[in-house]
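Numbering (my numbering), first residue to last: 1203 to 1413.
Read through the structure below, which is laid out as structure tokens, and then see the notes.
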């Protein structure tokens, strides 16, 4: 009697390859185009360009990178550009991404500043700028709602993340506390909670052992 055939294991499907900038030129023009769109609502533009349109990072990675960029000195989006450039091309990528963020937009800003100095006294110009402020606020709110979907996968769980978000909103929007206090206290507390939660999950998994 012949021995039963041993089933051949089916290999697991390969994970799709992460998208990335093909070269330094693509990185430069991507951040140049991003900067040219950043009229006030830069958070919404960055999220759409890097996550939705280009797919260079996931929504979860964007939240983590943006949080780090916020606590570093300097403009948030410039810090983020250095992080993304360094991730894919090292020091050359960091420098290239920052140049893309600053070179052409700097020339445009200087030109606009010269024009504004001549026409700032015109009431229509002031009214138009106030209107753009409302649009920028809407863009930021919209980006916030899109980023909130990533909290479902957070280690602390959605309810705890919602509580932390509400506390941050109250501290910043209602109590008007300085950002220099809110980030270390609320952000630091969230980091500590996440640290212990991940450690607890890892210890629990190690205690159970392989199934």
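Yeah, the Cβ is synthetic: ideal placement off N, Cα and C, and Gly gets one too.
Given a cut-off of 8 Å, decide if residue j and residue i are closer than it, judged by their beta-carbon atoms.
| i | j | result |
| --- | --- | --- |
| residue 1282 | residue 1296 | no |
| residue 1357 | residue 1399 | yes |
| residue 1385 | residue 1273 | yes |
| residue 1237 | residue 1284 | no |
| residue 1232 | residue 1345 | no |
| residue 1306 | residue 1396 | no |
| residue 1301 | residue 1230 | yes |
| residue 1268 | residue 1222 | no |
| residue 1248 | residue 1280 | no |
What is the DSSP secondary structure of residue i, reduced to helix, strand or coil?
| i | result |
| --- | --- |
| residue 1355 | helix |
| residue 1257 | coil |
| residue 1203 | Unreliable placement is indicated for residue 1203, whose pLDDT of 49 sits below 50; the coordinate value is still reported in the next sentence. Coil, per DSSP. |
| residue 1302 | helix |
| residue 1221 | coil |
| residue 1338 | helix |
| residue 1324 | coil |
| residue 1276 | coil |
| residue 1214 | Bear in mind that a pLDDT of 44 at residue 1214, under 50, signals an unreliable position, so the model cannot answer this. |
| residue 1291 | helix |
Shortest alpha-carbon distance to residue i belongs to which of the options?
| i | options | result |
| --- | --- | --- |
| residue 1388 | 1369, 1314 and 1405 | 1369 |
| residue 1287 | 1276, 1227 and 1374 | 1227 |
| residue 1294 | 1408, 1383, 1225 and 1311 | 1225 |
| residue 1263 | 1405, 1406 and 1349 | 1349 |
| residue 1277 | 1244, 1332 and 1291 | 1244 |
Tell me the start and end of each unbroken alpha helix (DSSP H) in the stretch 1373–1410 that is at least 4 residues and wholly inside, in chain order.
-> 1381–1384 and 1390–1410
Can we say the stretch 1359–1371 touches the stretch 1385–1396, given the rule of at least three CB pairs closer than 8 Å?
-> yes
Would you be able to state if there are at least three C-beta pairs under 8 Å between the stretch 1252–1266 and the stretch 1311–1321?
-> no
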